[in-house]
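Novice: Quick note on numbering: the sequence shown equals residues -1 to 263 in our numbering.
Using N, Cα and C, we set each Cβ at its ideal position, and we do this for glycine too.
Pasting a structure here, questions to come.
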Amino acid sequence: LMNLVGNAIKFTEEGRVTLRARAEATPHDVAIVLEVEDTGPGMTEEEAAQIFEPFKQVDGTYRRRHSGTGLGLAITKRLVAAMGGVITVHSTPGHGSTFEVRLSLPASDEEPEEPVLSKRVRLESLEPESGRPLSVLVVEDNPVNQRVTAAMLDKLGCACTVASSGHAALEASAASRFDLILMDCQMPDLDGFETTGRLRERRGWLEQVPIIALTAQALEGDRERCVSAGMDDYLSKPVKLDDLRRTLERHLARVSGDQEMPSLT
């Protein structure tokens, strides 16, 4: 996969390189399909037919500028074959190329394990060129919980603003824009559910900003109530650092789109 992505970046002067992954299930196994698409110069059918052969490189002035040993794709093909998979390429001159790796793996009924990714890889994947820290509004009436949550956010490199009530949250969101809101559900006077509803009614960025519920009880029906109120997810108290990190990463990636993404370090 690194060879394919590296080649795509090397041969793409303008445009983009896209990595896709999907699973296709059958009764007996699961096909993992990985695609690397670029907007580079592309290849003819004849060139594509030879691209996986050792010491074969496509002709052309641009490609000669990036010449190497000619073994990269041949090695990639052998690695894929060793895993029982196949690799193919679809390409059109002037319109880029798409390399597809298909691996058939046995299906399992076991619960999935935690993704085997280091924290460094996950966090760097969310870092924009600006390096701007993630701005989080914490709506929490308990002073101890305020300090604990703020300390965890600080450890994750986030800029934290604390609102001690629903009314304070409405005031803070009117004065500043935040990338994400952590909302305590059980607050006097104006609870998290009603506060969220009022925030969503304000339109603009508040329609899309992720609002994560903080609830002391993960009871049946809580998630449905959070969603009905306009929240995107929930965390059970006491909040753990790794759970908070994963939640921020998940929702930060969801709303980033083509916009500049804050860093989470």
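What would DSSP say about A181, mapped onto helix, strand or coil?
Specialist: Contrary to the premise, residue 181 reads as Met rather than Ala in this sequence. If DSSP states are grouped into helix, strand and coil, M181 belongs with the strands.
Novice: Can you list, in chain order, the residues of its chain whose CB lies under 6 Å from that of M0, leaving out five sequence neighbours each side?
Specialist: none
Novice: Alpha carbon to alpha carbon, how far is H211 from S234?
Specialist: Here residue 211 turns out to be Ala, not His, going by the sequence shown. Their backbone Cα atoms lie some 8 Å apart in a straight line.
Novice: CA-CA distance, G40 and T10?
Specialist: Straight-line Cα distance between these residues: approximately 10 Å.
Novice: How should P208 be labelled, buried or exposed, when 16 other C-beta atoms within 10 angstroms of its C-beta is the threshold for buried?
Specialist: buried
Novice: List the endpoints of the continuous beta strand (DSSP E) containing P104.
Specialist: 95 to 104
Novice: If we ignore side chains and look at the alpha-carbon of each, how far apart do L124 and L246 end up?
Specialist: With a pLDDT of only 41 at L124, under 50, the local geometry of the prediction cannot be trusted, and no value is derived from it.
Novice: Can you tell me the Cα-Cα spacing of G82 and K238, whole angstroms?
Specialist: 40 Å
Novice: Flag this pair as touching only if the region 28 to 44 and the region 84 to 92 have three or more C-beta atom pairs under 8 Å; answer yes or no.
Specialist: Below 8 Å, enough C-beta pairs join the region 28 to 44 and the region 84 to 92 to call them touching: three or more.
Novice: Please list the terminal residues of the continuous beta strand (DSSP E) segment that includes H88.
Specialist: 84 to 89
Novice: In the DSSP assignment, what are the bridge partners of T16?
Specialist: BP columns for T16 point to E35.
Novice: Provide the residue span of the beta strand (DSSP E) that contains V134, from first to last.
Specialist: 133 to 137
Novice: Here's a check: name, in chain order, each residue in its chain whose Cβ is nearer than 6 Å to the Cβ of S133, leaving out the five neighbours to either side.
Specialist: A157, F176, D177
Novice: At the level of alpha carbons, what is the spacing between I49 and L154?
Specialist: 44 Å
Novice: Spatial neighbours of D182 within its chain, please: C-beta separation below 7 Å, excluding the five flanking residues on both sides.
Specialist: V137, E138, D139, G190, L212
Novice: Taking C-beta to C-beta, are L103 and D27 nearer than 8 Å?
Specialist: yes
Novice: Rounding to the nearest angstrom, what Cα-Cα distance links D36 and N5 in this structure?
Specialist: 9 Å
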